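Contents: one structure, followed by commentary.
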Amino acid sequence: MNQKQAHDFFVDYVNETTENTVEYESTHVDAGNAYGHMLSEGAFDYYNCSDLCNEWLIEEFGAKLSKEDLEEFCEEMIQWHDLKSGHIFSTPQKSESGLDLCSFPVGECEIPFTQGDLFRAFKFEFPQENEKSIKAYVESFIESAISGNITEAICLSDNNGGLYAYENTDAVWTAFVTHETAKDALLRGWLQKKPSGDQAATK
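When you line the sequence shown up against numbering that gives the first Met the number 0, it's residues 0 to 202, in that order.
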């Protein structure tokens, strides 16, 4: 093992870990669920989601809700909406399959790498290397990264003796309402209040 080989290992490790983290933040359902609270904390009103719901209900269900009924329906959508991964250039869905309410950009992902992280990753891959040599390789890599001398790795900066890696993404998490969710809410609310001859035909 020499300095160049150690350098190449750390570059690959940082890049792969960063790419895996970005993929997780952009596509994994657990990451998406972290955005679930945002509708109830102002996003629903900020993006005028009640107007979207009102228009969609009329178009898809023929349901012309009163202001009070619409508020009740929207409260249910805030509680029971789903999240899906998407792209900032994705076309919002407004159809018989569902309604996209609003999207939350993932933006820039920041991934920390401590000296310990780099040391353990190297030790795991090359258990025969002595700890003194590994420590020297780690310190040399961090110094090169902070100095801006590593061009083959994702953007790096100082992290109190370790490193931060940064990667931008065009990914978003979109809050949406399925057709079935909306239909169930209508069956529990608006449709129950209507005379039988005046009910909308649900699809």
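Think of the CB as a built atom: it goes at the ideal place given N, C-alpha and C, for glycine as much as any other residue. Everything numeric in this text was worked out from a predicted model, so none of it was measured.
Go ahead and pull the three-state DSSP assignment for residue i.
i: N15; result: Inspection of the sequence shows that residue 15 is occupied by Glu rather than by Asn. In this structure, E15 counts as helix in the three-state DSSP scheme.
i: K122; result: helix
i: E166; result: strand
i: V115; result: In the sequence as presented, Val is not what sits at residue 115; that position holds Gly. Here G115 sits in helix by DSSP.
i: I149; result: coil
Going by C-alpha distance, which of the options is nearest residue i?
i: L98; options: E70, F9, N19 and L51; result: L51
i: N1; options: V105, A135 and D11; result: A135
i: C73; options: Y12, I87 and L100; result: L100
i: I110; options: T17, D7 and S132; result: T17
i: F140; options: L155, F123, K83 and M37; result: L155
i: E59; options: Y45, Y34, Q92 and A174; result: Q92
i: E22; options: G147, Y45 and H86; result: H86
i: S89; options: K3, D169 and T113; result: D169
Taking residue i and residue j to be in contact with their CB atoms under 8 Å, please state how far apart those CB atoms are, rounded to whole angstroms.
i: L64; j: N47; result: The pair is not a contact, with the Cβ atoms about 16 Å apart (cut-off 8 Å).
i: W172; j: F103; result: 5 Å
i: L185; j: A62; result: 6 Å
Under the DSSP definition of a beta bridge, which residues are partnered with residue i?
i: E142; result: Its beta-bridge partners do not exist; DSSP assigns none.
i: K83; result: T173
i: D157; result: L162
query: At which residue ranges does the segment 52 to 111 contain complete alpha helix (DSSP H) runs of 4 or more residues, listed in the order of the chain?
result: If we require 4 residues or more, the alpha helix (DSSP H) runs fully inside the segment 52 to 111 come out as 66 to 79.
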